[in-house]
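Chemist:
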Amino acid sequence: MSEPIHVCFDMETQDPDDFLCLLFLASHPDVHLKAVTLVPGSQEQVGLVRWALAQLGAGEVAIGAHDITHAKPSVSPWHWRAFFSKGARPRSAVAEDAWRVLLRECDENTVLLTGGPLTNVAETIRRSVVSGRPFVAGCWLAQGGFAGDNIVPEHLRLPKFVGKTHMATFNFGANLPAARASLAHEGFGCIRLVSKNVCHAESNRFGRQQLERLLGGLPDDELLGKTRGRSACGRDSGAEARHMAGLGLIAQGMREYMSGNRGGKLLHDPLAAACVIDGGVIAEWHAVELNEDTGHRWGSRSCPGSKTAISVRHDPDRFWAVFLGEVQASPSAAGALLAPPQPLVPRTMLSEGLAAMGTSNSQEAGRGDGTAPFMSELEQALATVTASNTRALHMLVAVADACERSATKSLHRQKADTRALLRAGGWPVLAALGCRSAADRIHLPAQPDARIRKVCAVVRCHAESLAQRGGPVQLRLSPWQQRANKRSTAAIATAAGAMEALEGAEAADAGLLQTIALELAPPSLKRRCSGHPEEAVEEGSSLWAAEWEDPGWEDSALQGFRQPSKPSRNEGLDALERLGRAPN
Numbered sequence: 001m002s003e004p005i006h007v008c009f010d011m012e013t014q015d016p017d018d019f020l021c022l023l024f025l026a027s028h029p030d031v032h033l034k035a036v037t038l039v040p041g042s043q044e045q046v047g048l049v050r051w052a053l054a055q056l057g058a059g060e061v062a063i064g065a066h067d068i069t070h071a072k073p074s075v076s077p078w079h080w081r082a083f084f085s086k087g088a089r090p091r092s093a094v095a096e097d098a099w100r101v102l103l104r105e106c107d108e109n110t111v112l113l114t115g116g117p118l119t120n121v122a123e124t125i126r127r128s129v130v131s132g133r134p135f136v137a138g139c140w141l142a143q144g145g146f147a148g149d150n151i152v153p154e155h156l157r158l159p160k161f162v163g164k165t166h167m168a169t170f171n172f173g174a175n176l177p178a179a180r181a182s183l184a185h186e187g188f189g190c191i192r193l194v195s196k197n198v199c200h201a202e203s204n205r206f207g208r209q210q211l212e213r214l215l216g217g218l219p220d221d222e223l224l225g226k227t228r229g230r231s232a233c234g235r236d237s238g239a240e241a242r243h244m245a246g247l248g249l250i251a252q253g254m255r256e257y258m259s260g261n262r263g264g265k266l267l268h269d270p271l272a273a274a275c276v277i278d279g280g281v282i283a284e285w286h287a288v289e290l291n292e293d294t295g296h297r298w299g300s301r302s303c304p305g306s307k308t309a310i311s312v313r314h315d316p317d318r319f320w321a322v323f324l325g326e327v328q329a330s331p332s333a334a335g336a337l338l339a340p341p342q343p344l345v346p347r348t349m350l351s352e353g354l355a356a357m358g359t360s361n362s363q364e365a366g367r368g369d370g371t372a373p374f375m376s377e378l379e380q381a382l383a384t385v386t387a388s389n390t391r392a393l394h395m396l397v398a399v400a401d402a403c404e405r406s407a408t409k410s411l412h413r414q415k416a417d418t419r420a421l422l423r424a425g426g427w428p429v430l431a432a433l434g435c436r437s438a439a440d441r442i443h444l445p446a447q448p449d450a451r452i453r454k455v456c457a458v459v460r461c462h463a464e465s466l467a468q469r470g471g472p473v474q475l476r477l478s479p480w481q482q483r484a485n486k487r488s489t490a491a492i493a494t495a496a497g498a499m500e501a502l503e504g505a506e507a508a509d510a511g512l513l514q515t516i517a518l519e520l521a522p523p524s525l526k527r528r529c530s531g532h533p534e535e536a537v538e539e540g541s542s543l544w545a546a547e548w549e550d551p552g553w554e555d556s557a558l559q560g561f562r563q564p565s566k567p568s569r570n571e572g573l574d575a576l577e578r579l580g581r582a583p584n
């Protein structure tokens with residue numbers, strides 16, 4: 001027997017699909033199921049999964065939950081009707097944090113299969129960055145995404161999708177920041193998306209014919225109704241017995257489902273799961289880059305050489321033969337999912353963000369000494385804003401959202417929001433988002449490029465992670481948030497411009513430090529100190545600190561920069577010239 005395929009499975013339980021995948025993977029002789037992680041991760045979900053694994057003699061599989069205190073069960077009524085007597089609903093609080101499980105169990109020889117919202121994957125990415133421990137998988141195999149008319153040949157298009165290039169998809173749309181962060185993550189050797197344009201084919205419908213085929217391959221003692229209240233494996237814990245037990249549970253569940261749904265059920269996630277066993281289930285892949293339209297619907301564009309590929313055509317006969325247990329794995333086809341692993345270096349929060357923006361470590365390291373302060377401040381800003389209060393995060397996410405949607409040319413904010421973001425050290429992120437300074441507002445990029453969109457994805461991913469841990473974070477602008485406070489908004493805008501100047505600066509830190517302090521100072525102070533930037537550093541910071549009643553503001557505003565011993569006037573003027581604001 002060939003080496004089993006190592007799999008970590010991230011799932012939800014509000015639909016039969018994922019649970020059928022669990023039964024299929026946990027019982028298949030060619031799969032080594034290393035871990036199961038759950039979203040949202042309620043005790044009912046954990047209890048259900050523990051029961052299923054115990055039925056299949058797979059109690060050693062690690063289980064992770066996103067939030068074990070989640071109040072709602074998040075388990076569909078079908079699960080209880082199909083497998084339990086009335087009123088019997090197993091619950092368990094015994095589960096690790098999902099991100100810990102994925103970070104530990106995933107490696108370059110493992111397929112990460114996802115069948116639900118990508119909350120756990122995004123959280124693992126974030127925790128990986130913070131801890132410096134790489135999060136890698138040989139292949140991320142996801143049920144999600146969409147390929148439209150620009151990718152799928154006319155003869156392969158489903159009638160319901162003709163004329164479409166973007167469609168809403170549940171798994172990627174339920175947590176947009178998580179999906180964006182997952183697609184941008186560099187730790188996956190390859191990404192394979194079993195997409196909506198294939199999953200919705202009628203040939204994927206489990207109907208009466210499939211149920212009869214499944215029952216016909218089961219031994220008598222695995223026929224329906226035999227597994228309630230005992231281990232489905234009985235006394236025989238061999239691979240074949242486990243496989244038959246899993247197929248028996250699938251048959252039991254689908255008989256219950258079809259008793260109330262005579263038309264059967266389209267199987268989306270099981271189609272992706274079958275690719276773990278036989279990569280030929282998807283007959284044609286297309287290298288793409290995923291994108292969103294203004295309504296946050298997903299689409300794809302052709303991208304030769306991309307490590308991300310989306311399904312264009314599948315082989316339904318092959319799918320059913322694999323899923324119904326009629327054939328075993330084709331080693332060559334299964335192994336095709338695992339691309340040769342790419343060497344990874346431990347990442348900081350900054351380098352992960354730069355990677356998402358398409359900047360390599362060599363580019364980062366080779367940009368000259370003047371870049372170091374900017375890099376240090378950007379790294380600190382990402383960490384600080386993520387760990388800060390929600391007001392700072394509100395503003396940063398609002399700016400990122402406005403940049404991404406190109407909904408407006410400029411953005412006004414309340415003074416309290418501006419204070420929160422300034423104190424959190426967020427202006428380097430604004431600069432990375434392509435914001436420009438104007439007289440009284442944050443001026444947004446007219447046409448955000450791929451780099452800026454990826455920065456937006458990173459910002460929103462961090463916001464979503466904090467929201468999951470500490471409460472709701474509003475990701476859309478409300479009327480009160482859009483009210484202008486020109487003075488404080490101008491301070492943010494000019495600070496963003498100053499930080500942007502740092503990126504390509506070759507001058508000493510001193511002039512750039514004074515530029516920021518001078519630009520933050522009130523206009524009267526600017527005029528009085530325009531010829532002596534060093535005076536603006538001390539006096540400007542003191543004035544702003546007094547206004548905000550925050551004696552520690554100066555340290556917060558200038559953290560990450562080297563204090564100049566005796567800055568020269570020319571250094572300050574040079575920095576101002578780079579911003580186009582040299583005094584007359």
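Residue numbering for the sequence shown follows UniProt numbering, starting at 1 and increasing by one per position.
Backbone N, C-alpha and C define an ideal beta-carbon position, used for all residues, glycine too.
Predicted, not measured: the structure shown is a model, and the values here were computed from it.
1) Among A181, C403, V194, which one has its Cα closest to the Cα of E284?
2) For P177, count neighbouring Cβ atoms within 10 angstroms of its own Cβ and tell me buried if that reaches 16, exposed if not.
3) Is H268 closer than 8 Å to C199 when the C-beta atoms are compared?
4) Hey, quick one: how far does the alpha helix (DSSP H) through F19 stretch, first residue to last?
5) List the DSSP bridge partners of N291.
6) Using a 10 Å radius around the Cβ and a threshold of 16 neighbouring Cβ atoms, would you call A88 buried or exposed?
7) Compute the Euclidean distance between the alpha carbons of A402 and L444, then round it to the nearest angstrom.
8) Go ahead and pull the three-state DSSP assignment for S74.
9) Assuming T110 contacts K34 (C-beta within less than 8 Å), just tell me the rounded distance between them.
10) Pick out whichever of D10, R157, D30 has its Cα sitting closest to the Cα of A39.
11) In three-state DSSP terms, what is C106?
12) Helix, strand or coil for T37, going by three-state DSSP, please let me know.
13) What does DSSP give as the partner residues of K265 in its beta bridges?
14) How long is the line joining the alpha carbons of G497 and L396, rounded to whole angstroms?
15) For the candidate residues Q210, R313, R242, whose alpha-carbon lies nearest to that of H32?
16) Can you tell me whether G434 is buried or exposed? The criterion is at least 16 other CB atoms within 10 Å of its CB, across all chains shown.
17) Return helix, strand or coil for A82, following the three-state DSSP convention.
18) Would the region 45-61 and the region 114-133 be scored as touching if the rule is three or more Cβ pairs under 8 Å?
19) Kindly indicate which residue of P304, F19, G148 has the alpha-carbon position closest to the one of R297.
20) To the nearest angstrom, how far is the alpha carbon of P448 from that of S300?
21) Between which two residues does the beta strand (DSSP E) containing G64 stretch?
22) Let me know if A52 comes out buried or exposed under the rule of 16 or more other beta-carbons within 10 Å of its beta-carbon.
23) Does DSSP classify M214 as helix, strand or coil?
24) May I have the straight-line CA-CA distance separating Q209 from R133, to the nearest angstrom?
25) Considering only their Cβ atoms, is the gap separating H6 from G41 smaller than 8 Å?
26) Could you check how far apart the C-beta atoms of G115 and E12 are, in whole angstroms? I think they sit under 8 Å.
27) In this structure, does DSSP put I5 in helix, strand or coil?
28) So what does DSSP say about residue 640, is it helix, strand or coil?
29) Considering only the alpha carbon of each residue, which of A137, D18, S92, G144 lies closest to residue 592?
30) DSSP state of V31, grouped into three classes?
31) Please return the same chain residues whose Cβ sits closer than 6 Å to the Cβ of residue 589, not counting the five positions on each side in sequence.
32) In three-state DSSP terms, what is C403?
33) Under the three-state reduction of DSSP, which class applies to C139: helix, strand or coil?
34) Just reading off the beta strand (DSSP E) that S311 is part of, what are its end residues?
35) If we ignore side chains and look at the alpha-carbon of each, how far apart do F170 and L118 end up?
36) Kindly indicate the opening and closing residues of the alpha helix (DSSP H) around I151.
Modeler: Let me spell this out:
1) V194
2) buried
3) yes
4) 16-27
5) G299
6) exposed
7) 8 Å
8) coil
9) 7 Å
10) Note on residue identity: the sequence assigns Val, not Ala, to residue 39. Nearest option by C-alpha distance: D10.
11) coil
12) strand
13) F206
14) Low confidence applies here, because G497 scores a pLDDT of 42, under 50, leaving its location unreliable; read the following figure in that light. Cα to Cα, the separation comes out at about 16 Å.
15) R242
16) buried
17) helix
18) no
19) G148
20) 18 Å
21) 62-65
22) buried
23) The residue you asked about is not Met; residue 214 is Leu in the sequence shown. It is helical.
24) 48 Å
25) no
26) 7 Å
27) strand
28) Past the edges of the chain, shown from 1 to 584, lies residue 640, and the structure says nothing about it.
29) The question about residue 592 has no answer here: the residues shown for the chain are numbered 1 through 584.
30) strand
31) Because the chain here runs from 1 to 584, residue 589 falls outside it and cannot be looked at.
32) helix
33) strand
34) 308-314
35) 10 Å
36) From DSSP, I151 is part of no alpha helix (DSSP H); its letter is neither H nor E.
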